[in-house]
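J.: In the numbering used here, the protein residues as written are 694 to 903.
Where a beta carbon is used, it is the ideal one built from N, C-alpha and C, also for glycine.
These numbers were taken from a predicted model, which means no experiment stands behind them.
(1) Within 8 Å, do at least three Cβ pairs link the stretch 855-864 to the stretch 772-792?
(2) Specify the secondary structure class of residue 827 as computed by DSSP and reduced to three states.
(3) Please say whether residue 801 and residue 891 have beta carbons closer to each other than 8 Å?
(4) Report the option in 850, 720, 811 whose CA atom is closest to the CA atom of residue 797.
(5) Please go through the same chain and pick out, in chain order, the residues whose beta-carbon is closer than 7 Å to the beta-carbon of residue 833, but skip the five residues on each side of it.
(6) Please state the DSSP three-state secondary structure of residue 777.
(7) Can you look up residue 713 in the DSSP assignment and give me helix, strand or coil?
(8) In angstroms with no decimal places, state the Cα-to-Cα distance between residue 826 and residue 776.
(9) Suppose the cutoff is 8 Å on Cβ atoms and the five residues either side in sequence are ignored; what does the same chain contact list for residue 849 look like?
(10) Under 6 Å Cβ to Cβ from residue 747, same chain only, skipping five residues before and after it: list those, please.
(11) For the alpha helix (DSSP H) that residue 837 lies in, which residues bound it at each end?
(12) In angstroms, rounded to a whole number, what distance separates the CA positions of residue 722 and residue 711?
(13) What did DSSP end up calling residue 769 once you bin it into helix, strand or coil?
(14) Pull the bridge partners of residue 787 from the DSSP assignment, please.
(15) Helix, strand or coil for residue 730 per DSSP?
(16) Flag this pair as yes or no: are the beta carbons of residue 807 and residue 857 separated by less than 8 Å?
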């Protein structure tokens, strides 16, 4: 599947650092920078001192690519959020990120008022880190009849802390050298943060720039 990978122009071994998800969902799914894979390998980091982060991949066959947070898995709603790259096409995506962080005051609110889970508030059976998508996947595997009937019965609330990924621009064209390729570029470091705080019996979001 993988032919060549590079991060900010520096090549690395795709097959060594892309790890399979612990469950095969329809077709095999490989992740990098994920906290949900069995082995944690290379970390692709964009620091505050970097101008951007360019992740280039070349493939031997058509692929589907999803961009999500390190705690998510491609399941549920995320299963529908992907880009198909046909043989000989080049896809380029520019994106930014924004981090939502928890404030200690959220502990004072119960889950029904918060509407989201705090870090380490709930554990899963097969995934080391909780996320809504991982919870839904486990529900589908452990209680398929419940998931098939109504996935909201799985009791998989979102997390309070999360990473928002926003596409700035994307486009696909025929590659000049007829190589199937993707170029994912974070246009700037994540300098904007939203702090989630408790205000008596409701939650408030406050923006901050670092």
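T.: On the basis of the data shown:
(1) yes
(2) helix
(3) yes
(4) 811
(5) 840
(6) strand
(7) strand
(8) 19 Å
(9) 825, 828, 829, 832
(10) The beta carbon of residue 747 sits closer than 6 Å to those of 701, 878, all from its chain and outside the five residues before and after it, given in chain order.
(11) Unbroken alpha helix (DSSP H) run through residue 837: 837-842.
(12) One Cα belongs to residue 722, the other to residue 711, and the distance between them is close to 9 Å.
(13) Of the three classes helix, strand and coil, the one that applies to residue 769 here is helix, per DSSP.
(14) 862, 878
(15) coil
(16) No. Outside cutoff.
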